[in-house]
Amino acid sequence: MTMKNKKITSKRVGNTPKCYLMRWNPEISDYSLDKYRELTAKHPESFGMRWSIYDYKDAKEGDFFYMLREGEENGGIIIWGIFSSDPFEGEDWRGSGKKSHYINMHCVHAENADTQPPLSLSLLETEIPEINWRKGHSGESLTPEQVFAIETLRARYYNDEEDSFDAEAGHGAHLSCFDEDIESVIAEIGKIIHHSKPYDSANDVVTDEGISDLTYMSTKGKDLKIHTILRNDTDSLEVLAFVPYAVNDRPVRFRLVNVQEYSNKFEAVITVKYGDNELSFFDVEYGLHKELYQVGEDYNFALSAMAYGAACVPEGEMTVEMSGDEAMRLHLSDRHDEPAMLSLDHLVAFLQLDKAYPDDGEFWSPVMSRVKKVSCLGREFYRMEICIANENDSLDNLNIPLIARISDFDKKPTMKNSMRGNLWLQGRLIE
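Letter 396 of the sequence shown, counting from 1, is numbered 1287 in my numbering, and no numbers are missing.
#1: Distance, Cα to Cα, Phe1300 vs His997?
#2: Among all the DSSP beta bridges, which residues are the ones paired with Asn1313?
#3: In the DSSP assignment, the alpha helix (DSSP H) including Gly939 goes from what residue to what residue?
#4: Would you mind reading off the limits of the alpha helix (DSSP H) that contains Ile1279?
#5: Considering only C-alpha positions, which residue in the set Glu1100, Tyr1199 and Tyr1248 is nearest to Gly1171?
#6: According to DSSP, simplified to helix, strand and coil, what is Ala1132?
#7: Can you find the residues in the same chain that come closer than 6 angstroms, C-beta to C-beta, to Tyr947, ignoring five residues on each side of it along the sequence?
#8: Terminal residues of the continuous beta strand (DSSP E) containing His992?
#9: Can you tell me the Cα-Cα spacing of Ser1256 and Arg1296, whole angstroms?
#10: What are the residues that DSSP puts in a beta bridge with Asp1174?
#11: According to the neighbour-count rule (16 or more other Cβ atoms, all chains shown, within 10 Å of its Cβ), is Gly1178 buried or exposed?
#12: Glu1053 by DSSP, collapsed to three states: which one?
#13: Measuring only the C-alpha atoms, how far is Gln1185 from Tyr927?
#14: Using DSSP bridges, identify the partner residues of Asn1149.
#15: Once DSSP output is grouped into helix, strand and coil, what is the label at His1118?
#16: Is it the case that the Cβ atoms of Leu1293 and Ala1202 are separated by a distance below 8 angstroms?
#17: Give the straight-line distance between the Cα atoms of Glu1053 and Asp1245, rounded to the nearest whole angstrom.
#18: If Ser1154 and Asp1099 are in contact, beta carbons under 8 angstroms, what's the gap, nearest whole angstrom?
#19: Would you mind reading off the limits of the beta strand (DSSP E) that contains Glu982?
#20: Three-state secondary structure (DSSP) at Asp1091?
#21: Just grab the DSSP bridge partners of Met913 for me.
#22: For Ser975, which residues in the same chain have their Cβ closer than 6 angstroms to its Cβ, ignoring the five residues on either side in sequence?
#23: In angstroms with no decimal places, state the Cα-to-Cα distance between Ala1093 and Thr1106.
#24: Use the C-beta contact count for Thr1162: other C-beta atoms within 10 angstroms, 16 or more gives buried, fewer gives exposed.
#25: Measuring straight from C-alpha to C-alpha, what distance separates Pro1089 and Val1262?
#26: Going by Cα to Cα distance, which pick from Leu1012, Met1209 and Tyr911 is closest to Leu1033?
#27: Between the beta-carbon of Ser1109 and the beta-carbon of Ser1087, is there less than 8 angstroms?
#28: Quick check on this structure: which residue in Leu1066, Asn1149, Leu1183 and Val1096 has the alpha carbon closest to the alpha carbon of Phe1133?
What follows is the structure in structure tokens.
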């Protein structure tokens, strides 16, 4: 029995969710294999557990976790999910009389107890040697680089149907980039239309309703707008969609790799290649240009992003300490007898692994520009540049504007900060 590999969404308020490695050795744990078999058989879709956590001070409800089964038999990552509570104190499970810290977990994927998991212990040791998979505490915090490595493996070895492109997806989650109170945004559609002006149109567009004439409108603003798409009927205008858009007029040359149309046929996610990087973004004007696109051809696109959640990386997480042996293995030091400190000041990471929503991604980047305050329809945001692809011999850094809600921050970011979080990547064709 294997539970479905489900998409999970964090509800953590404030800083970007962290990720933790929980450990379970059924040979010594009070949680037996029989208990695990019984629980997964009774609850094949999802279930809850309580587990001890070592790095409890910064852990919060909404953080993610992987569960590592230790031992030679069927060892590897067997569960993942999300914390469903903050840490709390309880009696030590070993019966030592001391206090330990625990956390409640919502498990959304679990492997069969009697078979080797795809992310086996031997695979993890080979692919991600910087983590000690044989020894450690349960509930240790993982670095963004370690999470990136695990997620890359997970994407390689898991390919469930549920992770295919969601052609029926609406824009509810996208509106949360603009305001977490999505209903309040929807209630203002009349106000949005009132403050919008038409800027382009397309006739005889093939949609799910047949052949339609489309009108594109937007609110005013040089940094952030609301784009609205309307269908022109004989006697009326019908609002089809409206989305927030982080304005960018600076095009970059990309190779078109794939077009994934929504079922409505006038919206799509575009996948392009930039050097060795593949990027997927929501085309905010797809209905205007859909007939122009041919896979394999080069086009000028201007990319930008709206943040679902963003935060400054705490100063204490901007360096990683490793043993001398680990540093030598990674060619970061030539001495094995001294610990090494790795600075993350210039780290750039951008990961898009959700096949159902390929235009969403997780990022880590230095702030690449001055941060300014912008507003739209009474909401306040910060606008800044981040990097989503490093330069190489022939290409420049790919810097894009990011719009993030001011309410996500304790104070205004600066160019001395690095940012991390989750974003919705957008783009449009510049002819």
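Ideal Cβ placement from N, Cα and C applies to all residues, glycine included.
On the basis of the data shown:
#1: Stepping through the sequence shown from its first residue, residue 1300 is reached at position 409. Stepping through the sequence shown from its first residue, residue 997 is reached at position 106. Taking C-alpha positions only, Phe1300 is separated from His997 by approximately 27 angstroms.
#2: The sequence position of residue 1313 within the sequence shown is 422, counting from 1. Note: Asn1313 sits in a beta bridge opposite Gly1200 and Glu1253.
#3: For the purposes of this step, residue 939 is taken as the residue at position 48 of the sequence shown. Looking at the DSSP string, Gly939 is not in any alpha helix (DSSP H); the run it does join, the beta strand (DSSP E), is Phe938 to Ser943.
#4: Numbered from its first residue, the sequence shown carries residue 1279 at position 388. For Ile1279, there is no enclosing alpha helix (DSSP H); the residue is part of the beta strand (DSSP E) that begins and ends at Arg1270 to Ala1280.
#5: For this step, residue 1171 is matched to residue 280 along the sequence shown. Reading off the sequence, residue 1171 comes out as Ser, not Gly. Looking from the CA of Ser1171, the closest CA among Glu1100, Tyr1199 and Tyr1248 belongs to Tyr1248.
#6: Stepping through the sequence shown from its first residue, residue 1132 is reached at position 241. Strand.
#7: Residue numbering aside, residue 947 sits at position 56 when the sequence shown is read from its first letter. Excluding positions up to five away in sequence, the list reads Pro978 and His992.
#8: For the purposes of this step, residue 992 is taken as residue 101 along the sequence shown, with counting starting at 1. Per DSSP, His992 belongs to the beta strand (DSSP E) from Lys990 to Ala1001.
#9: What you label residue 1256 is simply residue 365 of the sequence shown in a count that begins at 1. What you label residue 1296 is simply residue 405 of the sequence shown in a count that begins at 1. C-alpha separation (whole angstroms): 17 angstroms.
#10: Along the sequence shown, one-based indexing puts residue 1174 at 283. Answer by DSSP bridge pairing, in chain order: Gly1318.
#11: Sequence index remark: in the sequence shown, residue 1178 carries index 287 (1-based). The residue is buried, with at least 16 neighbouring Cβ atoms inside 10 Å.
#12: As a working note, residue 1053 is residue 162 in the sequence shown. Note that Glu1053 scores a pLDDT of 48, beneath 50, so its modelled location is shaky and nothing firm can be said.
#13: Position 294 of the sequence shown, counted from the start, is the residue given in the question as residue 1185. Position 36 of the sequence shown, counted from the start, is the residue given in the question as residue 927. In a straight line, the C-alpha of Gln1185 is about 51 angstroms away from that of Tyr927.
#14: As a first step, residue 1149 is located in the sequence shown; it is residue number 258 there, counting from the start. Beta-bridge analysis with DSSP links Asn1149 to Thr1162.
#15: Translated into positions along the sequence shown, residue 1118 becomes position 227. Of the three classes helix, strand and coil, the one that applies to His1118 here is strand, per DSSP.
#16: Taking the first residue of the sequence shown as position 1, residue 1293 is located at position 402. Taking the first residue of the sequence shown as position 1, residue 1202 is located at position 311. Going by C-beta atoms, Leu1293 is not nearer than 8 angstroms to Ala1202.
#17: Position 162 of the sequence shown, counting from 1, holds the residue named residue 1053. Position 354 of the sequence shown, counting from 1, holds the residue named residue 1245. Model confidence at Glu1053 stands at a pLDDT of 48, short of 50, so the residue's coordinates are unreliable; what they give is reported in the following sentence. Their backbone Cα atoms lie some 10 angstroms apart in a straight line.
#18: Counting from 1 along the sequence shown, the entry for residue 1154 is found at position 263. Counting from 1 along the sequence shown, the entry for residue 1099 is found at position 208. Indeed they touch by this definition, with Cβ atoms about 6 angstroms apart.
#19: Taking the sequence shown and counting its residues from 1, one reaches residue 982 at position 91. Counting along the chain, the beta strand (DSSP E) containing Glu982 begins and ends at Phe979 to Glu982.
#20: Start at 1 with the first residue of the sequence shown, and residue 1091 comes out as number 200. Per DSSP, reduced to three states, the secondary structure at Asp1091 is strand.
#21: By 1-based counting over the sequence shown, the position of residue 913 is 22. Beta-bridge analysis with DSSP links Met913 to Met958.
#22: Within the sequence shown, numbered from 1, the residue matching residue 975 stands at position 84. The answer, listed in chain order, is Asn995 and His997.
#23: Working through the sequence shown from its first residue, we reach residue 1093 at position 202. Working through the sequence shown from its first residue, we reach residue 1106 at position 215. Counting only the Cα atoms, Thr1106 lies some 7 angstroms from Ala1093.
#24: What you label residue 1162 is simply residue 271 of the sequence shown in a count that begins at 1. Here Thr1162 is buried: its Cβ has 16 or more other Cβ atoms, across all protein chains shown, within 10 Å.
#25: Locating residue 1089 in the sequence shown gives position 198, counting from the first residue. Locating residue 1262 in the sequence shown gives position 371, counting from the first residue. One C-alpha to the other measures close to 30 angstroms.
#26: Here residue 1033 refers to the residue found at position 142 of the sequence shown. Check the Cα spacing between Leu1033 and each of Leu1012, Met1209 and Tyr911: the tightest is with Tyr911.
#27: As a first step, residue 1109 must be located in the sequence shown, where it is residue number 218. As a first step, residue 1087 must be located in the sequence shown, where it is residue number 196. A contact, by the Cβ cut-off of 8 angstroms.
#28: Here residue 1133 refers to the residue found at position 242 of the sequence shown. Ranking Leu1066, Asn1149, Leu1183 and Val1096 by Cα distance to Phe1133 puts Leu1066 first.
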